[in-house]
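Presented below is the structure to which this report refers.
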Amino acid sequence: MTAKAQELVIRIDDMGALHSVNTASIDTYQNGIAKSVEVLAVGSWFPEAVKMLKENPGLDVGIHLAITSEWENVKWRPLTQCPSLVDENGFFYPMMGPNPAYPGQSVMENMANFDIEEIEKEFRAQIELALKNIPQITHISGHMFSTGFSPEVVAVVQKLSDEYNLPSIDRAESFKQYGFTYAGYDGPKATLEEKVESFIKALDKMEKGKRYMFVDHPAYNDSEMQTVMLVGYEDVAVDRQGVTDLLKSPEVLKAIEERGIKLIDINTLTKSLPRAETPAKMVKATERYLAAVEKAEQDLHSIMIVKDGNVIYENWMSSGSADEPHILNSVSKTFTSMAVGLAVSEGKLSIDERLVDIFPEHCPENPSEFLKEITIEHLLTMTCGHSTDPTYASRTNMERSWIKLFMEHPVTHKPGTNYCYNSLGTYVLSAIVQKRTGQKVVDYLFPRLFRPLGINNVTWQECPQGINTGGWGLFLKTEDLAKMGLMILQKGQFNGCQVVPAEWIESASSAQVPCVPAGMNSDDADKLRKVAKTSDWLQGYGYQMWRSRYNSFRADGANGQYILVIPEKNEKRRRFSFLLSFLSVFVLAAILSVMLFSLFLIILLTILAILGSIHSRTGKT
């Protein structure tokens, strides 16, 4: 078996500190090899960084916790009142440890006034400010080793890491926990030429199957950057221009490609699904399947199979890419269902609530009796009472409220009695979540679903009124769907945490109502019942999820996006293991029985031999 490729994280630090740093950071991501960036929430240019990162959702972002402000001529202050962490002017100290050029101006030299509660308060404030403005933040790092300079600080950072579900990557324990090694320049790095040569030399020493992280600080040699410096580091602008050029160097990119090194981001490092070897039978089966796909001239982009929590097969074809989010179409509906379930668990809504009570402002002047009966559960199960799907007419109207258009659509059946596939109904669910939580569904799901699952680079289309479309328009990567499927398989659990209530997962994945294929009229249901046993479309519908054959269920999007969960396939190994255990016990019992019987025979024969001996000596029978 061929050894796995080396994996390398290119991490760039200090975005938010200066405009020069912000623009260079985006430049090295768009035109270079940078994959992850660390943002200073206390930095002077943090607002600009926020704007730039919203425009570049694919760039992995970490919150760069800071309690130092090192540059001359530009300084930053804490977000909270923390007297033990600031100098006489209220700025953070410039240094973390003692520096002869800055006597008495380091955090560690002022540890007599050290207050761990102030550090926790300040770190928490920085995290919350960052998450408020950049919900896609995936991890925590420390500016100038701020997250690991004492055991007390390490404990605080780990506490915050667990609380906010943000892995901390700069602790001493992080290397072992996430299995990576820091890689630096292997040689001099004063000039660009030296940087390139030393960086490539470092690449040559990277071992197959291992993970590495390279950290540096891009900026431009411009008038702004030329105003900042440290004593002993006066050529900051020149040096950091070299870093920018290094990360954009065609020579470096070529070297990475030639050595087969895979560039990953920190989210992949900390929250990717574990991989396991593909079973030989699956290799052959997938080869046959892909051959059939090719013969049928189907445009398959990717496939990923997870068993026992491990990815055991993955493949990328055509325009498919592991790093590229894909439009999900109706798979989006399942994510909207999870938002509804989470809002229910938080007491923000109930599935029994009526639509007309939630949106009285959009209700027709004289609503029909059937319209009055529509509840959130009817929206979830697509049994609102419509005979036709109102989605197309609404999506083509960019001027009127889509909620109002939905409520004006004729309700010809008593709600709960007739299934009719209804994407606009899912949009209404999204609108309900937004109204009750004050957040768009995508933002509501970040701390509750996306971040726990390690899903970033999320975008979701909106209607003209600024509501996520709910029933379509979500963009995610293939592995994100695999994580979602695994969470559902595990009854809402992921990495030991209950992400979505188990009761909601059970309801969502169970057959709540009979159904017909999307786009078909329920009037044809009787004809279809004849093929129900052989059709995945006729196994019932849950809360924005389809039941399928083989006791499975799925999220299903137009043109072939699927999350297919087959619990029994994942349980076979466990049942087999139980059977082996049972057989082992049975065999053990049999062996013990034979041994006991043998022992009995030996004792019996021994007694008979003794008796025979006595008889020979005495002549008695």
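In my numbering, the protein residues as written are 3 to 623.
Each residue gets a CB set at the ideal place from its N, CA and C atoms; glycine is no exception.
Rounded separation between residue i and residue j - CA only
i, j, result
"I2", "V41", "In this structure the chain extends from 3 to 623, so residue 2 is not present and cannot be described."
"V11", "V217", "8 Å"
"S537", "S176", "49 Å"
"C84", "E120", "5 Å"
"S38", "S108", "28 Å"
"M97", "L87", "11 Å"
"A204", "A185", "7 Å"
"G456", "T272", "8 Å"
"Y543", "S509", "10 Å"
"Y214", "P80", "32 Å"
"M113", "A257", "45 Å"
"K416", "V435", "25 Å"
"S511", "G487", "11 Å"
"L641", "S425", "Examination of residue 641 is not possible in this model, given that the chain is present from 3 through 623 alone."
"F477", "T461", "5 Å"
"D241", "T193", "7 Å"
"K624", "E195", "Here the chain covers residues 3 to 623 and nothing more, so residue 624 does not appear."
"D247", "G18", "20 Å"
"Y104", "G468", "51 Å"
Strand pairing of residue i, partner residues [DSSP]
i, result
"Y543", "V515 and W548"
"C499", "F496"
"M113", "In the DSSP output, where bridge partners are listed per residue, M113 has none listed."
"N317", "I305"
"D557", "According to the sequence as given, residue 557 is Ala; it is not Asp. DSSP lists I565 as partners of A557."
"K416", "None, per the DSSP bridge assignment."
"M17", "V41"
"F477", "I329 and T461"
"S170", "I142"
"V11", "M215 and I266"
"P235", "In the sequence on display, residue 235 carries Tyr and not Pro. In the DSSP output, where bridge partners are listed per residue, Y235 has L232."
"T377", "R356"
"N312", "K309"
"N470", "E464"
Top-ranked residue by Cα proximity to residue i, from the options
i, options, result
"F361", "K6, I378 and T246", "I378"
"T393", "T439, G521 and G349", "G521"
"T288", "I307, S274 and I469", "I307"
"K77", "S334, E259 and V230", "V230"
"T390", "V413, M400, A278 and G234", "V413"
"E348", "T439, L382 and G262", "T439"
"V63", "H141, S320, G45 and L255", "H141"
"C365", "V443, L447 and V430", "V430"
"R356", "V156, R402, G418 and G311", "G418"
"E2", "V23, G468 and A513", "Outside the displayed range of the chain (3 to 623) lies residue 2, so it cannot be described from this structure."
"H44", "L61, D89, I35 and A127", "In the sequence on display, residue 44 carries Val and not His. Residue A127 is the option with its Cα nearest to V44."
"K123", "A68, F93 and G189", "A68"
"Q138", "G494, G475 and Y446", "Y446"
"G473", "T428, A433, L483 and P466", "T428"
"H145", "F94, E195 and P153", "F94"
"A278", "D310, L491, V156 and H411", "D310"
"Q546", "Y421, H415 and D206", "Y421"
"S152", "Y104, F116, Y180 and E130", "F116"
"R450", "S370, P519 and A341", "A341"
"Y222", "G244, E236 and K212", "G244"
"N58", "I405, N368, S332 and E326", "E326"
Cβ-based burial, residue i [other Cβ within 10 Å; buried from 16]
i, result
"I14", "buried"
"I118", "exposed"
"A51", "buried"
"D164", "exposed"
"G498", "exposed"
"M384", "buried"
"K6", "exposed"
"E259", "exposed"
"S269", "Reading the sequence as shown, one finds Asn at residue 269 and not Ser. Burial call: buried."
"E481", "buried"
"E296", "exposed"
"V233", "exposed"
"N470", "buried"
"Q563", "buried"
"A345", "buried"
"F570", "For the record, residue 570 in the displayed sequence is Glu; it is not Phe. E570 should be labelled exposed."
"A132", "buried"
"A26", "buried"
Which whole runs of the beta strand (DSSP E) in the region 47 to 133 are 3 residues long or more, in chain order?
62 to 67
I'd like the ranges of any alpha helix (DSSP H) spanning at least 4 consecutive residues and lying wholly in the region 314 to 360.
334 to 347 and 357 to 360
Write down every uninterrupted run of the alpha helix (DSSP H) in the region 182 to 230 whose length is 4 residues or greater and which is fully enclosed by it, in chain order.
194 to 206
As an exercise, report each continuous alpha helix (DSSP H) stretch of at least 4 residues that is fully enclosed by the region 403 to 457, in chain order.
404 to 410, 425 to 439 and 443 to 447
Considering only residues of the region 243 to 287, which uninterrupted beta strand (DSSP E) runs meet the minimum length of 3 residues and lie entirely inside it, listed in chain order?
264 to 266
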